[in-house]
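Protein chains in written order, with this note's numbering: chain A, 1401 to 1626; chain S, 674 to 1074.
Think of the CB as a built atom: it goes at the ideal place given N, C-alpha and C, for glycine as much as any other residue.
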Amino acid sequence: MICLRSACRDYLMGTQTVHALDGVDLDVEAGEYVAITGPSGSGKSTLLHIIGLLDRLSQGSYELDGDDVTHLSDDELALVRCETIGFVFQFFHLVPRLSAAANVELPLILGGIAAGEREERVQAVLQSFGLADRADHRPDQLSGGQRQRVAIARAMVTKPAILLADEPTGNLDRSSGKEVIHILETLNSDGLTLLVVTHDPELSARANRRLHIVDGAITKDERGAG
Amino acid sequence: MRSLDILRYTTSSIVGYRARSLLLLFAMAIGVASVILLTSLGEGARRYVTGEFSALGTHLLIILPGRSETTGGAPPLLGETPRDLNLDDALSLERIRQIRRIAPIAVGSAPVSWQGRERESMVLGTTADFLALRQLRMAQGRFLPAMDPHRSAPICILGSRVRKELFGSQSALGQWLRIGDRRFRVVGTLGSEGRSIGVDLQDVVIVPVASAQALFDTPSLFRILAEARTAADIPTAKAAVARAIRDRHEGEDDVTVITQDAVIATFNRIFRALTLTVAGIAAISLAVAGILIMNVMLVAVSQRTAEIGLLKALGATQHRILLLFLTEAGLLSLAGATIGLGLGSGAAWMVGEFYPALPMTPPSWAVFAALGTALSIGLVFGVLPARRAAALDPVIALAGR
Ligand SMILES: Nc1ncnc2c1ncn2[C@@H]1O[C@H](COP(=O)(O)OP(=O)(O)OP(=O)(O)O)[C@@H](O)[C@H]1O
Ligand SMILES: [Mg+2]
């Protein structure tokens, strides 16, 4: 489903070129659970941004679901993002002035879904993440774990095929982190393709597949229980 | 994204950033209010002045001694004094076909007294036709009778204020009073509506023209009023009047004939220009509001980079982000303009309450112009911040917490 070939992402820092991604070949099948690890600055986030179509390759090619997305326009990329990809971030990125329900509703609003259907889907997804009684709370009235659950709910409300999570537990205490991981794994067992960037070896051990990145290149690609 | 949702979303950010939004609303409201108030004042002044001139009567020609220099001919020779207008000049105009009636006017100031009460008053000498020509209404009694204008008669008509000051609640009709060193009998009093530029008819005493000339010991007239039969007759009448006087003054063009329409048109032009000028000055404050909007929206964009990045990650196109920020700027300026419209109209209304003579309603063109300018300024100055927001790289926007 995800197919990267000789993927490079270069950043120009003054006169110097930084190879954030340096010739990555990667195939991910639908329904896989992939953990991405690596030292800080090794290019994990960059890889996730490329896969999530938030960023473009400098060289190489990227096929998503068999379609070459390397040369799509910004607007076409936005549409694909809207329909097939969900994001979860380390810092939640909830809109502070909006309630939990309104935050979850955002992608549906952007997708032009009618208000009645939006309401139903938001309610359903909040319910399934145990947030029904927090629907009207603003982010600053929620705990970290709850915020991340709202963020996952927001990512999942459009029923994406791929969920990309960049250190989703990086800002949470142990028990909330466990809770969040549990939710993500449940989603994966229902068929969602899940890619998680993490620094936590215990967490990466739970994945079916573990990528290790150093200096923008994949150095390890293990499958099976760790 | 549906338009209702766009509105809801932008409203949430307008409400969410309250201080900023209030600041913008305030700036825009002040700009629009000053445009509305100043144009109301200008329009009010214009309507007031032209109204005053219309109140003089209809199809009016005013003949003044002395030539105005507006025609741009050679300047008069040194020492040349214009010949005065006299009663026969006035009467000669009655023969002009396009002229319905005329009224010679002689004025002066004299003490008017009755039973020990005395006041200085303007005395206006004229003929019977003055009443119809100036469209005046009698409160009591009658006006000057139709008689030979060369004959003086000891009768007078009092303006309403003169009557009140001299007679109070007593009846003035039939009473003899003293004007200067002569005695006159009151035959009528004027209604209280007569007012006009220059002379307030409530403050005058009207006597036969010959009596006024005798009283002030001068054969000359202050001016002659003439009424053309129809509006279409005015130009011909004007030329005929000029010709008639020239014939009587040995070929000298030494009078000025002004037509009422020309005066009104001139005042209209002057006040329009004035109104546009003050509106233009007020519009500067609208431009200032626009720059403020741009500034604050730019700050908003940098405040909200994470939000913009998030919207992009959630699948918002550049076009959509642009639209969101433009809508926000547009909504803010529209709301500000509406508040300003209310404030400006309210202020105009209050001025109108204090000066009832001024018709203080904002002209509709100014209302539309102010609202339109406010909205377009909001949008124009909103474009730069909106484009900056739309062009933000989502990765950097999300990272730059
Ligand atoms: N916008 C950018 N401009 C320049 N260099 C960048 C930019 N974004 C990332 N980089 C560089 O690319 C490299 C990879 O960055 P990336 O964010 O992918 O690392 P990471 O593995 O996610 O690190 P961390 O674990 O700290 O999040 C780093 O060297 C970084 O400095
Ligand atoms: Mg990272």
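Give me the subset of the region 979–993 of chain S whose CB atoms are less than 8 Å from a CB atom of chain A, sorted by chain position. Within the region 979–993 of chain S, Ala979, Glu980, Gly982, Leu983, Leu984, Lys985, Ala986, Leu987, Gly988, Ala989, Thr990, Gln991, His992, Arg993 place their CB atoms closer than 8 Å to a CB of chain A, listed in sequence order.
Please return the same chain residues whose Cβ sits closer than 7 Å to the Cβ of A/Thr1470, not counting the five positions on each side in sequence. As a first step, residue 1470 of chain A is located in the first sequence; it is residue number 70 there, counting from the start. Excluding residues within five positions, the ones whose Cβ falls inside 7 Å are Leu1457, Ser1461, Tyr1462.
What are the boundary residues of the beta strand (DSSP E) that includes A/His1493? As a position in the first sequence, residue 1493 of chain A is number 93, starting the count at 1. Element bounds for A/His1493: n/a, residue is neither H nor E.
With a threshold of 8 Å on Cβ separation, who are the neighbours of S/Arg1085 within its own chain once the five nearest residues in sequence on each side are excluded? Nothing about residue 1085 of chain S can be read from this structure; chain S reaches only from 674 to 1074.
Do A/Gly1431 and A/Thr1593 count as a contact pair if the criterion is CB distance below 7 Å? Here residue 1593 of chain A refers to the residue found at position 193 of the first sequence. Here residue 1431 of chain A refers to the residue found at position 31 of the first sequence. Going by C-beta atoms, A/Thr1593 is nearer than 7 Å to A/Gly1431.
When you measure from the CB of A/Ser1445 to every non-hydrogen atom of ligand 2, does any distance come out below 6 Å? Looking up residue 1445 of chain A in the first sequence gives position 45. A/Ser1445 Cβ: within cutoff of ligand 2.
Closer than 7 Å, Cβ to Cβ, to anything on chain S: give me those residues from the region 1483–1506 of chain A, in chain order. Result list: Phe1487, Phe1489, Phe1491, His1493, Val1495, Arg1497, Leu1498, Leu1506.
Please tell me whether S/Ala776 and S/Thr799 are closer than 7 Å, where the distance is taken between their beta carbons. The residue you call residue 776 of chain S lines up with position 103 of the second sequence. The residue you call residue 799 of chain S lines up with position 126 of the second sequence. Contact: yes.
The alpha helix (DSSP H) spanning A/Leu1421 covers which residue range? As a first step, residue 1421 of chain A must be located in the first sequence, where it is residue number 21. Counting along the chain, no alpha helix (DSSP H) covers A/Leu1421; the unbroken beta strand (DSSP E) around it starts and ends at 1416–1428.
DSSP-derived helix/strand/coil call for A/Pro1357: There is no way to answer for residue 1357 of chain A, as the model of chain A reaches only from 1401 to 1626.
Helix, strand or coil, according to DSSP, for A/Ser1528 in the structure here? Position 128 of the first sequence, counted from the first residue, corresponds to residue 1528 of chain A. Three-state DSSP puts A/Ser1528 in a helix.
Quick check on S/Glu923: does DSSP put it in helix, strand or coil? Here residue 923 of chain S refers to the residue found at position 250 when the second sequence is read from its first residue. In the structure shown, S/Glu923 adopts coil according to DSSP, grouped into three states.
Less than 8 Å between C-beta atoms, sequence neighbours within five positions excluded: which residues of the same chain meet that for S/Gly992? On the second sequence, residue 992 of chain S is found 319 positions in, with the first residue counted as 1. Reading off the sequence, residue 992 of chain S comes out as His, not Gly. Residues Ala1063 of the same chain have their beta carbon placed closer than 8 Å to that of S/His992, with the five preceding and five following residues left out of the count.
Per-residue contacts from A/His1449 into chain S (C-beta, under 7 Å): Position 49 of the first sequence, counting from 1, holds the residue named residue 1449 of chain A. What A/His1449 touches in chain S, judged by beta-carbon distance under 7 Å, is Val1068, going in chain order.
Among A/Gly1544, A/Arg1538, A/Ile1552, the one whose alpha carbon lies nearest that of A/Phe1389: Limits of chain A in this structure are 1401 at one end and 1626 at the other, which puts residue 1389 of chain A out of reach.
What are the residues of the region 1531–1548 of chain A that lie near chain S, defined by any Cβ-Cβ distance shorter than 8 Å? Cβ contacts with chain S come from no residue of the region 1531–1548 of chain A.
Going along the chain, which residues of the region 680–712 of chain S sit with their C-beta nearer than 9 Å to a C-beta in chain A? Cβ contacts with chain A: Arg681, Tyr682, Ser685, Ser686, Val688, Gly689, Tyr690.
Confirm the yes/no value for this check: CB of A/Ser1440, any heavy atom of ligand 4, distance under 6 Å. With respect to ligand 4, the structure offers nothing, as its ligand set consists of ligand 1 and ligand 2.
Per DSSP, what are the beta-bridge partners of S/Leu894 in this structure? Position 221 of the second sequence, counted from the first residue, corresponds to residue 894 of chain S. Paired residue(s): S/Leu758.
Which of helix, strand or coil DSSP assigns to S/Gly746: Looking up residue 746 of chain S in the second sequence gives position 73. No answer about S/Gly746 holds up, because its pLDDT of 49 lies below 50 and its placement is not dependable.
Identify the contact partners of S/Met674 in chain A, using a Cβ-Cβ distance below 9 Å as the criterion. Here residue 674 of chain S corresponds to residue number 1 of the second sequence, with the count starting at 1. Per Cβ cutoff of 9 Å: Ile1509, Leu1510, Gly1511, Gly1512.
Taking 7 Å as the threshold (beta carbon to beta carbon), is A/Arg1610 in contact with chain S? The residue you call residue 1610 of chain A lines up with position 210 of the first sequence. For A/Arg1610, the answer is no, since every Cβ of chain S falls outside 7 Å of its Cβ.
Return the residue from the list S/Gln808, S/Ile709, S/Ser765 that minimises the CA-CA distance to S/Leu729. By one-based count along the second sequence, residue 729 of chain S stands at place 56. When each option's Cα is compared against that of S/Leu729, the closest is S/Gln808.
A/Asp1455 versus chain S: which residues are under 7 Å apart at the beta carbon? The residue labelled residue 1455 of chain A in the question sits at position 55 within the first sequence. In chain order, Val1068 make up the part of chain S whose C-beta sits under 7 Å from the C-beta of A/Asp1455.
Start and end residues, beta strand (DSSP E) containing S/Ser794: Taking the second sequence and counting its residues from 1, the one referred to as residue 794 of chain S is at position 121. Per DSSP, the continuous beta strand (DSSP E) segment holding S/Ser794 begins and ends at 790–799.
S/Leu711 to S/Phe1027 span [Cα, whole Å]: Within the second sequence, the letter at position 38 stands for residue 711 of chain S. Within the second sequence, the letter at position 354 stands for residue 1027 of chain S. Between the alpha carbons of S/Leu711 and S/Phe1027 lies a gap of roughly 16 Å.
Confirm, please, whether the CB-CB distance from A/Pro1560 to A/Thr1484 is below 7 Å. Within the first sequence, the letter at position 84 stands for residue 1484 of chain A. Within the first sequence, the letter at position 160 stands for residue 1560 of chain A. For A/Thr1484 and A/Pro1560, yes; Cβs fall inside 7 Å.
Measure how close the beta-carbons of A/Asp1615 and A/Ser1442 come, nearest whole angstrom, since I'm counting them as under 8 Å. What you label residue 1615 of chain A is simply residue 215 of the first sequence in a count that begins at 1. What you label residue 1442 of chain A is simply residue 42 of the first sequence in a count that begins at 1. Confirmed, about 6 Å.
Closest by CA to A/Leu1542, which one among A/Gly1511, A/Ile1513, A/Ser1576? Working through the first sequence from its first residue, we reach residue 1542 of chain A at position 142. Relative to the Cα of A/Leu1542, the nearest Cα in the group A/Gly1511, A/Ile1513, A/Ser1576 belongs to A/Ser1576.
Would you mind working out which of S/Arg858, S/Tyr682, S/Ser694, S/Ala935 sits nearest S/Leu733, comparing C-alpha positions? Stepping through the second sequence from its first residue, residue 733 of chain S is reached at position 60. Shortest Cα-Cα distance from S/Leu733 to any of S/Arg858, S/Tyr682, S/Ser694, S/Ala935 involves S/Ala935.
Contact defined as beta carbons within less than 8 Å: I believe S/Ala885 pairs with S/Ala779. What is the distance between those atoms, to the nearest angstrom? Within the second sequence, numbered from 1, the residue matching residue 885 of chain S stands at position 212. Within the second sequence, numbered from 1, the residue matching residue 779 of chain S stands at position 106. About 4 Å; that satisfies the 8 Å criterion.
Can you give the Cα-Cα distance for S/Val796 and S/Asp757, rounded to whole angstroms? Here residue 796 of chain S refers to the residue found at position 123 when the second sequence is read from its first residue. Here residue 757 of chain S refers to the residue found at position 84 when the second sequence is read from its first residue. Straight-line Cα distance between these residues: approximately 19 Å.
For A/Ala1478, decide whether its Cβ has a neighbour in chain S, counting only Cβ atoms nearer than 7 Å. Counting from 1 along the first sequence, the entry for residue 1478 of chain A is found at position 78. Yes, its Cβ sits closer than 7 Å to a Cβ of chain S.
Give, in chain order, every unbroken run of the alpha helix (DSSP H) that is at least 4 residues long and sits entirely within the region 1497–1572 of chain A. Segments of the alpha helix (DSSP H) lying fully in the region 1497–1572 of chain A: 1500–1510, 1515–1528, 1544–1556.
Helix or strand or just coil, what does DSSP make of S/Gly853? Sequence index remark: in the second sequence, residue 853 of chain S carries index 180 (1-based). In the structure shown, S/Gly853 falls within a coil segment according to DSSP collapsed to helix, strand and coil.
In angstroms with no decimal places, state the Cα-to-Cα distance between S/Ile943 and S/Val951. The count along the second sequence starts at 1 and reaches residue 943 of chain S at position 270. The count along the second sequence starts at 1 and reaches residue 951 of chain S at position 278. Between the C-alpha atoms of S/Ile943 and S/Val951 there is a straight-line separation of about 12 Å.
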